[in-house]
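Right, one structure below, let's go through it.
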Amino acid sequence: AVVMVKFGKRLLQESRPQWRQYYLNYKQLKTDIKELVGDDTVTVDEVTKHYGSVVGEAVGGGAVLPWEGRFQELLEFELDKVDKFSRLQTNAIFSDLRDLGWQCRETTAEEAPALEERIDRVAS
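In structure tokens, the structure reads:
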């Protein structure tokens with residue numbers, strides 16, 4: 003039997019624990035959409051309580067924006083977080099691959115098993 007799991011729960015279940023802080027905060031964005039749509043006079047401070055002061059400062063602190071503008075700021079904050087993490091991971095992978103390439107050129111038969119193990123770590 004196929005068990006249907008809600009998207010937010012599935013995302014959490016399938017995420018890497020060490021990377022969760024960098025994932026898009028789906029559950030919070032969903033909550034904020036409900037908050038924003040439900041009350042068109044919610045201030046930026048009320049909505050950004052979950053995101054720290056960065057978003058509040060970016061949109062003028064306690065200013066009142068249309069809900070679409072408030073949600074766009076929150077979504078951009080989350081997407082920037084994911085983008086920065088993705089860039090860091092990509093750069094780290096390229097660096098590891100470059101190092102491995104140099105090591106492959108210089109590896110002796112005795113060193114090959116250790117190099118293969120490192121390659122497996124980079125690949126996972």
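Numbering-wise (the numbering used here), the sequence shown opens with residue 3 and increments by one. Just so you know, even glycine gets a beta-carbon here, dropped at the ideal spot from N, CA and C.
Spatial neighbours of residue i within its chain, please: CB distance less than 6 Å, with the 5 preceding and 5 following residues excluded, ordered by chain position.
i, result
"PHE87", "TYR24"
"SER55", "Residue placement at SER55 cannot be trusted, given a pLDDT of 45 that sits under 50; what the coordinates show is reported in the next sentence. Closer than 6 Å at Cβ, skipping near neighbours: no residue."
"PHE73", "LEU38"
Could you name the residues of the same chain whose beta carbon sits closer than 8 Å to that of residue i, not counting the 5 residues immediately before and after it, in chain order?
i, result
"LEU26", "GLU80, LEU81, LYS83, VAL84"
"ILE95", "VAL124"
Within a Cβ cutoff of 7 Å, which residues of the same chain sit near residue i, ignoring the five residues on either side of it in sequence?
i, result
"GLN105", "LEU117"
"LYS11", "none"
Consult DSSP for residue i and reduce its assignment to one of helix, strand or coil.
i, result
"PHE16", "According to the sequence shown, residue 16 is Glu rather than Phe. Of the three classes helix, strand and coil, the one that applies to GLU16 here is helix, per DSSP."
"THR109", "coil"
"LYS29", "helix"
"SER126", "coil"
For residue i, which of the options has the nearest alpha-carbon?
i, options, result
"SER126", "ARG22, LYS8, ASP98", "ASP98"
"ARG120", "ASP101, LYS36, PHE9", "ASP101"
"LYS32", "GLN20, PRO19, PHE9, GLY71", "PHE9"
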